[in-house]
Amino acid sequence: MALYVDIEKKLGDFPLKAKFEAGAETFAILGASGCGKSMTLKCIAGIETPDKGRIVLDGRVLFDSKEHINMPVRKRNVGYLFQDYALFPNMTVRKNILSGMKEKGRRKEEAVREYIRRFYLEGLENLYPWQLSGGQKQRAALARMLAAEPDIIMLDEPFSALDSYLKWQLEQEILKVMETYQKTVLFVSHDRNEVYRLTDKIAVMEQGKLLDIQEKRQLFDSPKTLAAALLTGCKNITRLKRESGGRYWAVDWGIWLGLEEGKEPPKYAAVRAHFFEWVSKPEPEAVFDCQLERVIEDTFSMILLFRQKGNQEEGDWTHLRYELPKADYQKMKEQGAGVSSGEGDKELYLKIPREKLMLLWQ
Numbered sequence: 001m002a003l004y005v006d007i008e009k010k011l012g013d014f015p016l017k018a019k020f021e022a023g024a025e026t027f028a029i030l031g032a033s034g035c036g037k038s039m040t041l042k043c044i045a046g047i048e049t050p051d052k053g054r055i056v057l058d059g060r061v062l063f064d065s066k067e068h069i070n071m072p073v074r075k076r077n078v079g080y081l082f083q084d085y086a087l088f089p090n091m092t093v094r095k096n097i098l099s100g101m102k103e104k105g106r107r108k109e110e111a112v113r114e115y116i117r118r119f120y121l122e123g124l125e126n127l128y129p130w131q132l133s134g135g136q137k138q139r140a141a142l143a144r145m146l147a148a149e150p151d152i153i154m155l156d157e158p159f160s161a162l163d164s165y166l167k168w169q170l171e172q173e174i175l176k177v178m179e180t181y182q183k184t185v186l187f188v189s190h191d192r193n194e195v196y197r198l199t200d201k202i203a204v205m206e207q208g209k210l211l212d213i214q215e216k217r218q219l220f221d222s223p224k225t226l227a228a229a230l231l232t233g234c235k236n237i238t239r240l241k242r243e244s245g246g247r248y249w250a251v252d253w254g255i256w257l258g259l260e261e262g263k264e265p266p267k268y269a270a271v272r273a274h275f276f277e278w279v280s281k282p283e284p285e286a287v288f289d290c291q292l293e294r295v296i297e298d299t300f301s302m303i304l305l306f307r308q309k310g311n312q313e314e315g316d317w318t319h320l321r322y323e324l325p326k327a328d329y330q331k332m333k334e335q336g337a338g339v340s341s342g343e344g345d346k347e348l349y350l351k352i353p354r355e356k357l358m359l360l361w362q
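Sequential numbering of the sequence shown, starting at 1, is according to full-length UniProt numbering.
Structure below.
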């Protein structure tokens, strides 16, 4: 295993407890701002020191509290892209890239030209960091980091300062790097779409704890925790109350759900906004008799905000969201579904397919 991390560190309001292993893959830590994901990278890089634990990279012990090992930053050979870029302020872009390169002579000059081209830095080679925009600093920092040929790449919100067009271009360059790097890449972000496009495995972090570590498709299809469901973008969630006969009352939604009995009853249920099915009549389980509250036109889709008719619960989770392509919305409208505001005489029934219902145990 290329990277092994098992560390603890007291943060402001909660302790950081990070334990994971990563091989020659792109491993993401997905979490909200301030959850401890950036601190995890800083501990691996040696910028911060854990209170206890062990960090091993390619067989080299970087940190071990029991053995009193804490390898200096300069010896760890870790490529770490900070959120604030950390370029040398007294060096031009070109010299920043050259500063960590191992090649010599003509090969070094050829390599620096290639990094300048790859990261869209032509015309900026002789500028200093204070003369660059945030996006330009970010690209220069990426080029400098990769030029040093590190044993691990760690990217901390690498696209945060870029506009959408340049972000897409740089994502493609990063993907090319990842495909040929053949070592561990750690990627930290709060953007679920970014993480899904770029990584192989995802760990969900909440208040310093790693809750879920799964392959990305598995995590998005079947998150295990409430935090994972929320961070992967699930909009519709309810608490569950277990009743007899395998039936569960969806407390926030105000409907019945029929679930298979397991060893431990789930605490929550969730369904993603685009997984509902329109049905023509009510059913005793997993079907909403919708009270339509608002219809919102998005760029390429329609969003229906609704709740179960007669539901007396109040709270953020009592209001559900159904998102569908505009063509499907128009088809439903033509077939008589009550999908427009002000059509109180028309009924709208939405079903949760059994295979799309996600059960959460914590």
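Where is the CB? At the ideal position from N, CA and C, for every residue including glycine. These numbers come from a predicted model, not from an experiment.
Beta-carbon gap between residue i and residue j smaller than 9 Å
| i | j | result |
| --- | --- | --- |
| V78 | D6 | no |
| M91 | P50 | no |
| Y349 | W249 | no |
| D57 | G36 | Note that residue 57 corresponds to Leu in the displayed sequence, not to Asp. No, Cβ-Cβ distance for L57 and G36 is not below 9 Å. |
| K176 | F275 | no |
| I174 | L198 | yes |
| G31 | L231 | yes |
| I153 | V185 | yes |
| F306 | K351 | no |
| I55 | L3 | yes |
| I97 | A147 | yes |
| I202 | E194 | no |
| L320 | M302 | no |
| A111 | E122 | no |
| G336 | K346 | yes |
| A286 | P223 | no |
| A140 | L226 | no |
| C290 | G258 | no |
| M71 | L81 | no |
Outcome for residue i when other beta-carbon atoms lying within 10 angstroms are tallied against a minimum of 16
| i | result |
| --- | --- |
| T299 | exposed |
| K10 | exposed |
| E334 | exposed |
| Q138 | buried |
| I296 | exposed |
| residue 369 | Because the chain spans 1 through 362 in this model, residue 369 falls outside it and cannot be assessed. |
| G242 | A small fix is needed here, since residue 242 is Arg in this sequence, not Gly. So R242 ends up on the exposed side. |
| F187 | buried |
| K183 | buried |
| Q308 | buried |
| P353 | exposed |
| R106 | exposed |
| Q172 | exposed |
| W317 | buried |
| A24 | exposed |
| N126 | exposed |
| residue 365 | Since the first and last residues shown for the chain are 1 and 362, residue 365 lies out of range. |
CA-to-CA distance, residue j to residue i, given in whole angstroms
| i | j | result |
| --- | --- | --- |
| Y268 | L359 | 6 Å |
| D209 | C234 | In the sequence as displayed, the identity of residue 209 is Lys instead of Asp. One C-alpha to the other measures close to 20 Å. |
| F119 | F27 | 23 Å |
| V73 | A45 | 6 Å |
| Y115 | E157 | 20 Å |
| R117 | R94 | 11 Å |
| Q207 | R217 | 24 Å |
| R192 | S340 | 31 Å |
| M332 | I29 | 40 Å |
| E283 | A229 | 26 Å |
| L240 | D163 | 41 Å |
| W361 | L155 | 31 Å |
| D221 | A273 | 13 Å |
| S189 | S244 | 42 Å |
| F14 | K281 | 49 Å |
| G135 | S38 | 20 Å |
| E48 | D64 | 13 Å |
| G34 | F159 | 18 Å |
| K108 | M101 | 7 Å |
| A22 | K167 | 26 Å |
Beta strand (DSSP E) segment containing residue i, residue limits
| i | result |
| --- | --- |
| V78 | V78 to L81 |
| Y349 | Y349 to K351 |
| G53 | K52 to L57 |
| W278 | E277 to V279 |
| I29 | T26 to L30 |
| L98 | Element bounds for L98: not the beta strand (DSSP E) but the alpha helix (DSSP H), V93 to L98. |
| D64 | R60 to D64 |
| V287 | V287 to E297 |
| K201 | K201 to E206 |
| A270 | Y268 to V271 |
Extent of the continuous alpha helix (DSSP H) run through residue i
| i | result |
| --- | --- |
| S164 | S164 to Y181 |
| G135 | G134 to A147 |
| K42 | K37 to A45 |
| D252 | That residue, D252, is in no alpha helix (DSSP H); it is neither H nor E in DSSP. |
| L231 | L226 to L231 |
| K17 | Segment P15 to A22 is the beta strand (DSSP E) holding K17; no alpha helix (DSSP H) there. |
| D221 | K216 to D221 |
C-beta neighbour in chain C for residue i, strict 9 Å
| i | result |
| --- | --- |
| Y181 | No chain C appears in this structure, which consists of one protein chain only. |
Taking contact to mean at least 3 C-beta pairs separated by less than 8 Å, is the segment 249–259 in contact with the segment 312–322? Taking 8 Å as the limit for Cβ pairs, the verdict is that the segment 312–322 does touch the segment 249–259.
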